[in-house]
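S.K.: One line per chain: the protein sequences are C and U, in this order.
Under my numbering, read the first sequence as residues 3 to 172, first letter to last.
Under my numbering, read the second sequence as residues 3 to 172, first letter to last.
Here it is, the structure in full.
2 protein chains.
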Amino acid sequence: MSLRHALLGLLSDRRASGYDLLKTFETSLANVWPANQSQIYTELTKLAGAGLIAVAAEGPRGRKEYEITDEGMAELRHWLTEVPPQRVIRSDVLLRVFFLGVLSPEQARAYLADLTDLSRAGHEQLQRLADSVDWDEGNLSVYGRIALEYGLRFNAMRREWAEWAAEQIR
Amino acid sequence: MSLRHALLGLLSDRRASGYDLLKTFETSLANVWPANQSQIYTELTKLAGAGLIAVAAEGPRGRKEYEITDEGMAELRHWLTEVPPQRVIRSDVLLRVFFLGVLSPEQARAYLADLTDLSRAGHEQLQRLADSVDWDEGNLSVYGRIALEYGLRFNAMRREWAEWAAEQIR
DNA sequence: TAGCGACATGTCAACAGTGGAATGTAGGAT
DNA sequence: ATCCTACATTCCACTGTTGACATGTCGCTA
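Right, here's the structure in full:
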């Protein structure tokens with residue numbers, strides 16, 4: 003149920019078409035809440051039907067620019083302040099760890115080494131992103147920076163853990 | 003597609019019925035890959051149909067004890083060594099952060115304070131679990147301990163991040 | 001002016017996950 | 001002997017996610 007809130011959140015900042023939103027999902031939101039084209043258009047239609055967003059303008063090529071309604075803003079605020087966050091995160095990365103005993107110690111260490119590399123690469127990618135963005139004083143900047151910092155810390159944590167874990171085997 | 007591998011992984015350790023597996027999912031695997039009853043039974047039927055597991059024994063009350071086949075072991079090893087782990091993790095926790103600008107600074111800080119508490123509680127719960135288990139020398143123990151350490155480090159990281167983030171606002 | 005790439009939306013089938021209903025049995029405690 | 005709890009499975013409806021297919025237009029450039 004979070005896709006709708008992601009859309010409401012983006013539309014709370016500025017009006018946009020499905021296509022605009024799709025581009026945003028492909029870039030900044032890709033690492034947090036991926037969504038594809040069909041899902042976005044379907045959900046926009048549902049949101050409009052529920053009165054949480056409305057078509058504000060129509061443009062060339064059938065472009066429909068949506069804006070958030072007061073009802074939509076209320077729903078967004080409700081989600082932000084009242085809905086308890088998901089406690090569990092499905093992680094196939096961690097799931098594999100449970101079953102590494104099936105492999106040889108060498109293979110298990112190789113898996114953890116791959117995770118180390120993956121985490122290092124993720125960290126570097128985010129660091130480059132952080133360096134390339136000019137962080138002005140806007141809200142999106144403040145919270146975008148905070149979200150990015152989470153990514154940096156997460157990757158650092160995972161890298162250190164994977165290195166530690168590899169040492170624990172045999 | 004990971005539920006099937008979770009089931010194969012568990013069955014690689016010992017034979018079990020759907021009911022046994024369900025109990026395992028409710029306890030040790032609940033924080034890594036939650037699955038409910040209907041999903042487990044459906045997937046077991048599919049796995050048996052595909053020849054990756056087989057009914058090894060039948061017991062009282064229609065109990066069917068499954069065991070992993072050679073084909074199933076091959077699939078499990080393939081998943082562990084060859085299938086690249088998911089790069090993105092959907093996180094509604096982080097998604098909210100992007101949109102905290104919609105709220106007042108006080109409300110945003112309150113959200114981060116809740117996250118701090120949540121992370122602290124999660125850490126304590128895992129710490130209690132770690133203290134209560136007797137870590138023998140088996141593989142499950144080694145890798146179970148490694149997975150648990152991930153949880154501890156993750157919660158610690160998130161708590162520190164949430165505290166840092168709250169300071170960044172205003 | 002012809003063509004191409006980006007813009008733009010809609011629909012569909014398939015699979016994964018959630019939650020609940022229905023059904024029944026075995027075995028231990030009172 | 002009865003009852004309750006835990007054991008045990010199956011099915012169903014609904015929602016969310018993925019990937020592919022289908023369709024068409026605008027505007028720039030060669």
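Each residue gets a CB set at the ideal place from its N, CA and C atoms; glycine is no exception.
Between L114/U and A158/U, how many whole angstroms is the CB-CB distance? I'm expecting something under 8 Å.
M.R.: Not really, about 16 Å apart at Cβ, beyond 8 Å.
S.K.: Measuring alpha carbon to alpha carbon, tell me which of R155/C, L154/C, A164/C ends up nearest Y241/U.
M.R.: What is shown of chain U runs 3 to 172, which leaves residue 241/U out entirely.
S.K.: Give the interface partners of N33/C over in chain U, defined as CB-CB distance under 7 Å, in chain order.
M.R.: By Cβ distance, chain U contributes V90.
S.K.: Over what stretch of residues does the beta strand (DSSP E) that includes A50/C continue unbroken?
M.R.: Per DSSP, A50/C belongs to no beta strand (DSSP E); it is in the alpha helix (DSSP H), 39 to 51.
S.K.: Taking 8 Å as the threshold (C-beta atoms), are S4/C and L13/U in contact?
M.R.: In this structure, S4/C does not lie closer than 8 Å to L13/U by Cβ.
S.K.: With a floor of 3 residues, list each beta strand (DSSP E) that falls wholly inside the segment 48 to 98 of chain C, ordered by position along the chain.
M.R.: The qualifying runs are 55 to 60, 66 to 70.
S.K.: Can the beta-carbon of Y10/C be found less than 8 Å from the beta-carbon of G53/C?
M.R.: The identity of residue 10/C in the sequence shown is Leu, whereas the question assumes Tyr. No; because the gap between Cβ atoms is not below 8 Å, this pair is not in contact.
S.K.: In its own chain, which residues sit with a C-beta less than 7 Å from the C-beta of S143/U, not counting the 5 before and 5 after it?
M.R.: Hits under 7 Å: W137.
S.K.: Relative to the C-alpha of P107/C, which residue among R63/C, D15/C, E169/C is closest?
M.R.: Here the closest residue by C-alpha is E169/C.
S.K.: For the alpha helix (DSSP H) holding T26/C, just list the boundary residues, first then last.
M.R.: Start and end: 20 to 28.
S.K.: Can you give me, in chain order, the residues of the segment 73 to 102 of chain C that have a beta carbon less than 9 Å from any beta carbon in chain U?
M.R.: Of all residues in the segment 73 to 102 of chain C, M75, L78, R79, W81, L82, T83, V85, P86, P87, Q88, R89, V90, I91, R92, S93, D94, V95, L96, L97, R98, V99, F100, F101, L102 have a Cβ within less than 9 Å of some Cβ in chain U.
S.K.: Leaving out the 5 sequence neighbours to the left and right, which residues in its chain are closer than 6 Å to V104/U when beta-carbon positions are compared?
M.R.: Closer than 6 Å at Cβ, skipping near neighbours: no residue.
S.K.: Helix, strand or coil for W137/U, going by three-state DSSP, please let me know.
M.R.: If DSSP states are grouped into helix, strand and coil, W137/U belongs with coil.
S.K.: How would you call S121/U, buried or exposed, if buried means at least 16 neighbouring beta carbons within 10 angstroms?
M.R.: Under this definition S121/U is a buried residue.
S.K.: How far does the alpha helix (DSSP H) with L13/C in it extend, from its first residue to its last?
M.R.: Start and end: 5 to 15.
S.K.: Under 8 Å, Cβ to Cβ, is there at least one residue of chain U near E165/C?
M.R.: Judged by the 8 Å Cβ criterion, E165/C is not in contact with chain U.
S.K.: Less than 8 Å between CB atoms is the rule here; does F27/C satisfy it with respect to chain U?
M.R.: Taking Cβ atoms only, chain U never reaches closer than 8 Å to F27/C, which makes this a no.
S.K.: Output needed in chain order: residues of the segment 102 to 117 of chain C with a Cβ under 9 Å from some Cβ in chain U.
M.R.: Those residues of the segment 102 to 117 of chain C that come within reach of chain U (Cβ to Cβ, closer than 9 Å) are L102, G103, V104, L105, Q109, A110, A112, Y113, L114, D116, L117.
S.K.: Which residues in chain C sit within 7 Å of A8/U, going by Cβ to Cβ distance?
M.R.: L97, listed in chain order.
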